[in-house]
Amino acid sequence: MKRELAKQYEPGEVEGRIYHRWLDGGYFHAPCDPDKKPYTIVIPPPNITGQLHMGHALDETLQDILIRWKRMCGYDTLWLPGTDHASIATEAKIVAAMREEGLTKEDLGREKFLERAWDWKKTYGGRIVEQLKSLGSSCDWDRERFTLDEGCSRAVREVFVNFYNEGLIYRGNRMVNWCPCCNTSISDAEVEYSEKESNFWHLLYTVKETGEKLELATTRPETMLGDTAVAINGDDPRYAHLHGCHCILPLLNKEIPIVCDEHADMTKGTGVVKITPAHDPNDFEVGLRHHLPIVRTFTYDGHLTGKAEKEAADALLASGRAAENEPEVLDCGKYAGMTTMEARKAILADLEAGGYLKYTEPLKHDVGTCYRCHTDIEPMVSKQWFVRMEPLAKPAMECVEKGEIKFVPERFTKNYMNWMKNTRDWCISRQLWWGHRIPAWYCADCGAVIVEKEDPTVCPKCGGTHLEQDPDTLDTWFSSALWPFSTLGWPDETEDLAHFYPTDTLVTGYDIIGFWVSRMIFSGLAHTGKAPFNTVLIHGLVRDAKGRKMSKSLGNGIDPLEIIDKYGADALRFALATGNSPGNAMRFSDEKIEASRNFANKLWNANRFILMNLTDDEPAPHIPANLAIEDKWIISRYNDLVHDVSNSLENFELGIAVQNLYDFIWDVFCDWYIELAKTRLNGEDAAAKETVRAVLVYVMSNTLKLLHPFMPFITEEIWQALPHEGETIMLSPWPKFDEELTFRAEENAMERIMAAVKAVRNRRSEMNVPPSKKAKLFIETKYRDDFEAGRQFMFRLAYASDVEIGEGFPSDGTVSVITESARIYIPLNELVDIEAEKARLTKELEKAQSDLAFVDKKLNNPGFVEKAPEAVVNGQREMREKCLAKIAMLEESLGKL
RNA sequence: GGAGGCAUAGCUCAGUUGGCUAGAGCACCUGCUUGACGUGCAGGGGGUCAUAGGUUCGAGUCCUAUUGUCUCCACCA
15 MKRELAKQYE PGEVEGRIYH RWLDGGYFHA PCDPDKKPYT IVIPPPNITG
65 QLHMGHALDE TLQDILIRWK RMCGYDTLWL PGTDHASIAT EAKIVAAMRE
115 EGLTKEDLGR EKFLERAWDW KKTYGGRIVE QLKSLGSSCD WDRERFTLDE
165 GCSRAVREVF VNFYNEGLIY RGNRMVNWCP CCNTSISDAE VEYSEKESNF
215 WHLLYTVKET GEKLELATTR PETMLGDTAV AINGDDPRYA HLHGCHCILP
265 LLNKEIPIVC DEHADMTKGT GVVKITPAHD PNDFEVGLRH HLPIVRTFTY
315 DGHLTGKAEK EAADALLASG RAAENEPEVL DCGKYAGMTT MEARKAILAD
365 LEAGGYLKYT EPLKHDVGTC YRCHTDIEPM VSKQWFVRME PLAKPAMECV
415 EKGEIKFVPE RFTKNYMNWM KNTRDWCISR QLWWGHRIPA WYCADCGAVI
465 VEKEDPTVCP KCGGTHLEQD PDTLDTWFSS ALWPFSTLGW PDETEDLAHF
515 YPTDTLVTGY DIIGFWVSRM IFSGLAHTGK APFNTVLIHG LVRDAKGRKM
565 SKSLGNGIDP LEIIDKYGAD ALRFALATGN SPGNAMRFSD EKIEASRNFA
615 NKLWNANRFI LMNLTDDEPA PHIPANLAIE DKWIISRYND LVHDVSNSLE
665 NFELGIAVQN LYDFIWDVFC DWYIELAKTR LNGEDAAAKE TVRAVLVYVM
715 SNTLKLLHPF MPFITEEIWQ ALPHEGETIM LSPWPKFDEE LTFRAEENAM
765 ERIMAAVKAV RNRRSEMNVP PSKKAKLFIE TKYRDDFEAG RQFMFRLAYA
815 SDVEIGEGFP SDGTVSVITE SARIYIPLNE LVDIEAEKAR LTKELEKAQS
865 DLAFVDKKLN NPGFVEKAPE AVVNGQREMR EKCLAKIAML EESLGKL
């Protein structure tokens, strides 16, 4: 039982050993026991390409705290882990690696490419999982999932087909955000805006009918070849005479109509706008309203279109199978094949030469970029698959309005609602290979579109066998949206699904409320009829010590693995939980992690002390008979701690729970109780020794349980070394607040003794009396019993050589120390300066009198006495009594001098 | 343009439904080989809680405005 512990805590040696013991014990596995209440969290699946960063570390720490706490509370607790295939991110990395070898996707072909991708997943997907383990995450690894595994893929297919049949998924030509670097469409949510320097180019288009020059400005002159109209506002008096007229498009000498549209804002610029339906989201809408031709002039990889592209498009249009809004393609002639930037230069040069460029105005504006590669986004009309959002968003908003899902902190509800309200149809197809392939087939014979759960071989319309599957894959977030139920076996009605779904708490950063949280909510409601979780706990981002976002480009990222290596996973977790309040950003600094490491070490040493005092056959934790006053005090304080920590956890106030634990362990237990305990431990009374050992073990082992969710490794290691019952602290029952363990009278008595100790120390320190110089203490008090009980502590804690409790002590050659409950004379003869004593006591008296005045002001206010809660008023009355007592003693002492 | 956060000690931040005269860590100053710990112990200095109003018996906490700062969303011919 008894074990020597090292002088300093060495996390490296402990953590791996303990984690394996937990794994071997199967403690993380949720049994799916129908008799127990479930508590479920699904992990936000990290990307397989990812490396553990501080954001993950925070996210996982918060989840593990909740999970370990609920598990100890007796829930059938499931923390379901897994990873995300991260289509764009992964594909981009593999393509980049292939480029090193001089290979392209096309060189390999789809099948070989996917083989590579799966190899990649095997290598790196495992890495992030191992990193999660090093944090101490108590995930049920038996249930680990991957968004592209068989089950998740089946769920994706089910959802796609159902939505398609319900008309909630459709395919069409729409304006999408195109990334010419990733070569794929991306959703609105995936566009990031950043400010860039550019220009307004003021162009002149000639009006055919009047010959006048119409001035308009553009930031994107390279799109002008695709202009199919010029818009003015119908109410604009400046251009009333132009209704029904036409412009001659420069360079192409093409006639295009002047249309009246509300999009043209009279107050901006000249009030004239060029309309390029194929390459601008607003212009696309204008084009639809006025039935303008849609003329595409860019290729999907960011070049200007030429003869080949035009011929292909013409053929499609001629075939009669083109979808609605199928764009025409322009052969851009001399500009064909140029990149958009090259084309901008060439076209501007030609416009200037032709006298069509009036002037250039410098401008800073926000440009949309791809959130993965930060290439400028090209708005393009393109044929894609979309999810119709309006019918899905409605119930998703209602469910949050009705409180079925609660955001913590609440203010993020607004964020969510805002996103849901403004969202447009979700573009879900991606021109990528790594992902869930769209389950749609096109019949080459009749052009039918077939969307089915099983791969079709024959066209159901014409019986033809020339079927071709859509080459595109789905947005990564399409499968993540199903994560809370696809991972539990949906669409099958599994036991896991019945028991663990809906899940309970979702923990994530505010940055993916739109990407992920909202999509899980509408998906859960649409497919399972239930909200996928009841609480969304939002945390902020982890920033560096200067408050900057940690990022690769800044190179200021702190690697959590290095921190674990140096300080231990417990210290990292504790640092991340400390001072963390929901939704707020937190900075990570060396001081913080060092403070946490020091705390772990403090805890470790407190237990070294306990262990070195225990006997070889120390009994299991229990509350012994014959408790001393200080035992009742610490047990009562501990009991309050149980209440406070439990309460804070219930309210997701993890930072407050951590603070409570820190203060109790360090200030209350170590700095006071252990010191108080030494008196008996070093004494000769065997029975008293037995009692104090039992109290030390009882309070410590239970406090370890409260701390366990935050610092799982060290608490397990110490708990095992102490007398204990059960295999692991992980599965020991969470302490309960017990009315029987509240001893307020003893708490008050101890407070009086401790106040006296502090006052003596303070006085001695002020007078520069070293601890080695002991002095006798004369104590006058009306709490005689309390001080009799506490007299023994005066020797150790207040440097007393002797203690006398009584009355009428001499004031000559002594200093008097006055607390609310006692006057203590310390004979320090040669050190005493009567004048200084007078001055000090006078100052204290003034302070006490002003304190009294402060209290009286409140108590003399009828409004306060009538309206404030009784407890608050009584508190003030007690305070008044204490002030009066102190004043009386101070006055008496001054009188004696 | 819309929405939201933050503003508290030299620094980084807590402060739970308004209720003892505002706390912690770090830094700073003074003591200490106190038989668990110097990653420690004891003591100390340091804040008119951004500004101005308001509600209330009572405001760091709630409301309004202002200033500074950060973030998100939208728009940008």
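Remember, the numbering used here sits 14 above the position in the first sequence when you count from 1.
Note that the Cβ used here is the ideal one computed from N, Cα and C, for glycine as well.
What residue range is occupied by the uninterrupted beta strand (DSSP E) comprising residue i?
| i | result |
| --- | --- |
| I464 | V463 to V465 |
| P12 | Lying before the first or after the last residue shown, residue 12 is absent from the chain, which here runs from 15 to 911. |
| R188 | I183 to C193 |
| N776 | First-last for N776: R758 to E780, but that is the alpha helix (DSSP H), not the beta strand (DSSP E). |
| V682 | Where V682 is concerned, there is no enclosing beta strand (DSSP E), given that its DSSP letter is neither H nor E. |
| W399 | E392 to V401 |
| A44 | First-last for A44: undefined, no H or E at that position. |
| E818 | A814 to I819 |
Give the straight-line distance between the Cα atoms of residue i and residue j, rounded to the nearest whole angstrom.
| i | j | result |
| --- | --- | --- |
| I624 | P723 | 22 Å |
| N187 | D250 | 32 Å |
| A902 | G822 | 15 Å |
| L344 | E466 | 36 Å |
| C897 | S151 | 52 Å |
| L575 | S148 | 8 Å |
| T833 | E905 | 13 Å |
| R3 | Y797 | Any property of residue 3 remains undetermined from this structure, which presents the chain solely from 15 to 911. |
| D506 | V170 | 13 Å |
| V309 | R303 | 16 Å |
| M15 | L736 | Confidence is the limiting factor: at M15 the pLDDT is only 36, short of 50, which leaves the residue's position unreliable, though a coordinate-based value still follows. One C-alpha to the other measures close to 7 Å. |
| K84 | A609 | 27 Å |
| V286 | D279 | 8 Å |
| E895 | G820 | 22 Å |
| K435 | C346 | 40 Å |
| W192 | T118 | 20 Å |
| V401 | E605 | 48 Å |
| E802 | E880 | 40 Å |
| N432 | F426 | 10 Å |
| Y138 | E760 | 59 Å |
Check whether the Cβ atoms of residue i and residue j sit closer than 8 Å, and answer yes or no.
| i | j | result |
| --- | --- | --- |
| P48 | L92 | no |
| F757 | W686 | no |
| V205 | G382 | yes |
| K910 | S786 | no |
| A596 | I552 | A quick correction: the sequence has Pro, not Ala, at residue 596. In this structure, I552 lies closer than 8 Å to P596 by Cβ. |
| I917 | V659 | Nothing can be reported for residue 917: it is not among the residues displayed for the chain, which extend from 15 to 911. |
| D315 | I270 | no |
| M725 | A589 | no |
| A789 | Y813 | yes |
| F727 | E29 | yes |
| G593 | G669 | yes |
Throw me the rounded Cβ distance for the residue i and residue j pair, which I believe falls under 8 Å.
| i | j | result |
| --- | --- | --- |
| D294 | P409 | The Cβ separation is near 33 Å, so there is no contact. |
| A20 | D90 | Contact doesn't hold; Cβ gap of about 37 Å is too wide. |
| K420 | T549 | 5 Å |
| G477 | Y524 | Not confirmed; about 53 Å, so no contact. |
| H305 | T353 | Incorrect: roughly 31 Å between the Cβ atoms, too far for contact. |
Any heavy atom of the ligand GTP closer than 7 Å to the Cβ of residue i?
| i | result |
| --- | --- |
| I183 | As for the ligand GTP, it is missing from this structure, which has no ligand bound. |
Along the alpha helix (DSSP H) that carries residue i, what are the first and last residues, could you check?
| i | result |
| --- | --- |
| H304 | P295 to H304 |
| L502 | Looking at the DSSP string, L502 is not in any alpha helix (DSSP H), and its letter there is neither H nor E. |
| C261 | Where C261 is concerned, there is no enclosing alpha helix (DSSP H), although the beta strand (DSSP E) it sits in stretches over H260 to L263. |
| Y178 | E164 to N179 |
| V414 | E404 to E415 |
| P574 | P574 to Y581 |
message: Three or more C-beta pairs under 8 Å: does that hold for the segment 168–177 against the segment 374–387?
response: no
query: On the three-pair Cβ rule with 8 Å, is the segment 210–224 touching the segment 411–425?
result: no
query: Counting Cβ pairs, one atom from each stretch, are 3 or more of them under 8 Å apart for the segment 637–651 and the segment 695–707?
result: yes
query: Can you find at least 3 beta carbon pairs, one from the segment 476–496 and one from the segment 442–458, that sit closer than 8 Å?
result: yes
query: Touching or not, the segment 323–341 and the segment 254–261, by the rule of three or more beta carbon pairs under 8 Å?
result: no
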